[in-house]
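Protein chains in written order, with the working numbering: chain P, 10 to 285; chain S, 8 to 404.
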Amino acid sequence: MFAKSLSLSLMRSELRVMFTRRRTWAMLAAIALIPILLAVAVALTSDQLAPGEGPPFLDRVTQNGLFTGFTATLLALPLFLPLTMAVVAGDTIAGEASLGTLRYLLIAPVGRLRLLVVKYLGTIVFALAGTFTLMLAGGIIGAILFPIGPVTLLSGDQISLAESIGRMALVAIYTAISMSGLLAIGLFVSTLTTVPVGAMAATVVLAGVSQILDNLPQLSWLHEWLFTHYWLSFADLLRQPIELGSLASNSLLQLGYIAVFGALAYSRFTTKDILS
Amino acid sequence: MLISKRWIPSVAVPAVIALGAIAVPLQANAVDLPDLSASEVMVLMQKSEVLEFSGTIVKVSDMGIPSLEFSSMVSEDMADEMAEKMPAEFADFVPAVIESNALTQAMELVSGTHNVRVYVSGQDKMRAQILDPMSQRDLIVNGDEFWIYDAKTATASTGTLSMEIDPAKQATAEKEILDYAESIALDLSSPEAIANYLVDMIDETSTVEVGKDHSVAGRSAYQLLISPDADASLVERAEISVDSETGLPLRVEVFSTQQTAAAFSVGFESISFGPIDASLFDFTPPAGTVVTTLDSSDLEGYADKDSSNLEAELEAAFEDAAKPEVIGEDWASVVYLPALPADIPAELMATELFADMLTEVPGGKVFSSALVNVLLTDSGEVFMGAVTIEYLLSVSK
């Protein structure tokens, strides 16, 4: 009972610290800028894109503003989203260590495992905040600049406005799940160093390497094991009937990464001498 | 120094995952069904009456030729640019991108992997969805109406299929079949007799066996193995998996003598039987779609034209072209052309992709894939077949 309330208060304070930091809000604002820039750019150009030209869904944005969120997610996935995730995950342990606050955190009767779990859950909350910001900003700017209405799915079927908002939420959740493996890697890297920038850079580099490997046909046997492999498969949620196969595969894969890198982070963090 | 036992999870977790990745597929293959003979399995296939199901079909082909893998983040221009800037040794690492010309589109269909979702309801309602990355192609058949929709280009084609069959023609065809069956003493009313006949036919050139009971798409299945007797054949064996309960063929795989992985495989990854929502077969193209209506008379034109007329027309059109000739028979048959047809190859041979696929052999060049070899001799003759290069060379002499 005591342990549970302690975890809860630790979680609350972790989230309070995260969401009072100016950096967190700056990153969320930057994420929101992606769909806004995209929609404004599309609105200002008079050229109509031919179907199939440019990134997927971009030609549909002018017909239906709700597509802004999907196109923005697609554009943010390769670099921008992983970058913000790496900043948050790389900071978890190394950030406290560099500020010298890690020692004080552990002086309180907080187990190291519990601290790790709370830190990781904090990054997951940020991932959800990031992906929902992307979708929400996309939906709002799309509604202001373009007509909105029933959404045409990849199968050519149309779904109602209410159902489209449901699908947008699903895509946001899917993308947050996609980030969870990367966040676990970031957490582990963060236990290795006391320099947060190093942990952030290493994490974002790993995301890049994984995406490059995923594009080499010579390594096709490896592809389904790469944590970035299903990132772009959120498109499966935009089919009718909805295709949940990639959501299941993605969740299982990310759980595997969470288990492996969570275990590594635990082993490293609980055996490490905390000097600062 | 003693290593802390806190490192145990870091070793145990990957070990458990690795074990799971190996053990789960193994377990899925442990199936034991009552033994059936090859003709009994064929009877099972014939009795198949499943008319309502949905599933995901995966098609994989590994023909031993460069695959055209679609890289979603790389455009054609980018790939060209990469190819220019990279040292020649790294050419293999330039992602291949689907170009828009007909040759590469045809190649795209035969090479690589495709996921297709199918929904079948009754004999006249069907929907197939090719799940492309970030896109989709749909084929919908609903009664006598059909639709083809491509999400990438936002185009659709529609038309009507004529289901009417000329009763007089049908009667003639039926009579011909009956006469033929009588001439070979085959009882058409018995599926067993037909299956036995088919097995005997195949047996003349191949070995037919029932393989190991196994599991396909979560269903227990019988396996028919057909291996060619001809030594020269490139086909090692074909495997047909038949659902033990419904008799529906679940998977077909063709293995080549040249490689261990299946050269071609098409089969269900998942399948479920049961009624399907009828609204799935009602297709209305979304606003902004360019719709082409295929006139039904265009389609019927081919069927109605007198076949002898058509033959004459074809002969007239290809009068100048060399006549193909078949050497040998069954698995070892080789198609012989005195010369390459004049209009096709120039463009084909010019493409770098094609040039890369030709290898030099004494007396000519060979286009080699897992299931087909083509020999272009120095004198311009063409030999092709599902046979080994050595056999092609010996035939050419």
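Think of the CB as a built atom: it goes at the ideal place given N, C-alpha and C, for glycine as much as any other residue.
For residue i and chain S, any beta-carbon pair shorter than 9 angstroms?
i	result
residue 265 of chain P	yes
residue 275 of chain P	yes
residue 126 of chain P	no
residue 269 of chain P	yes
residue 242 of chain P	yes
residue 90 of chain P	no
residue 254 of chain P	yes
residue 47 of chain P	no
residue 56 of chain P	no
residue 66 of chain P	yes
residue 83 of chain P	yes
residue 250 of chain P	yes
residue 282 of chain P	no
residue 7 of chain P	For residue 7 of chain P there is no data in the structure shown, the boundaries of chain P being 10 and 285.
Does chain P have any CB closer than 9 angstroms to the CB of residue i?
i	result
residue 333 of chain S	no
residue 20 of chain S	yes
residue 294 of chain S	yes
residue 136 of chain S	yes
residue 288 of chain S	no
residue 16 of chain S	yes
residue 165 of chain S	no
residue 161 of chain S	yes
residue 389 of chain S	no
residue 156 of chain S	yes
residue 39 of chain S	no
residue 141 of chain S	yes
residue 106 of chain S	Because the pLDDT at residue 106 of chain S is just 44, under 50, the model does not fix this residue reliably, and the point stays unresolved.
residue 7 of chain S	There is simply no residue 7 of chain S to check, as chain S begins at 8 and stops at 404 in what is shown.
residue 279 of chain S	no
From which residue to which residue does the alpha helix (DSSP H) around residue i run?
i	result
residue 201 of chain S	198 to 210
residue 142 of chain P	121 to 154
residue 219 of chain P	205 to 223
residue 254 of chain S	It is not in any alpha helix (DSSP H) - residue 254 of chain S carries neither H nor E in the DSSP assignment.
To which residues does DSSP link residue i through a beta bridge?
i	result
residue 61 of chain S	S:126, S:279
residue 390 of chain S	S:343, S:382
residue 66 of chain S	S:121, S:273
residue 148 of chain S	S:133, S:153
residue 372 of chain S	S:367, S:383
residue 213 of chain S	S:235
residue 240 of chain S	S:394
residue 222 of chain S	S:227
residue 411 of chain S	With chain S covering 8 to 404 only, the question about residue 411 of chain S has no answer from this structure.
residue 160 of chain P	P:168
residue 142 of chain S	S:139
residue 332 of chain S	S:343
Please work out which residues of its chain come closer than 8 angstroms, Cβ to Cβ, to residue i, disregarding the five sequence neighbours upstream and downstream, and give them in chain order.
i	result
residue 85 of chain P	40, 43, 143
residue 80 of chain S	Residue confidence is low: residue 80 of chain S scores 43 on pLDDT, short of 50, so the model does not pin down where it sits. No coordinate-derived value is stated.
residue 58 of chain S	127, 128, 129, 130
I'd like the span of the beta strand (DSSP E) that includes residue i, first residue to last.
i	result
residue 163 of chain S	162 to 167
residue 92 of chain P	It is not in any beta strand (DSSP E) - residue 92 of chain P instead sits in the alpha helix (DSSP H) that spans 89 to 108.
residue 298 of chain S	297 to 300
Counting only the same chain and skipping the five closest in sequence on each side, list residues whose C-beta sits under 6 angstroms from that of residue i.
i	result
residue 395 of chain S	239
residue 269 of chain S	260, 262
residue 199 of chain S	50
residue 65 of chain S	122, 276
residue 271 of chain S	68, 261
residue 190 of chain P	236, 263, 266
residue 138 of chain S	122
Give me the chain B residues within the contact set of residue i, using Cβ-Cβ distance strictly less than 9 angstroms, ordered along the chain.
i	result
residue 279 of chain P	Any reference to chain B falls outside this structure, whose protein chains are P and S.
Which residues in the same chain as residue i place their Cβ atom closer than 7 angstroms to its Cβ, once the five residues preceding and following it in sequence are excluded?
i	result
residue 387 of chain S	346, 347
residue 198 of chain P	99, 208, 211, 212
residue 162 of chain P	168, 247, 248, 249
residue 140 of chain P	181, 184, 185
residue 384 of chain S	370, 371, 403
residue 58 of chain P	67, 68
residue 38 of chain S	220, 221, 222, 227
Interface positions of the region 194 to 215 of chain P facing chain S (Cβ-Cβ less than 9 angstroms), listed along the chain: none
Contact residues within the region 148 to 180 of chain P, judged by C-beta distance below 7 angstroms to chain S: 161, 163, 164, 165, 167
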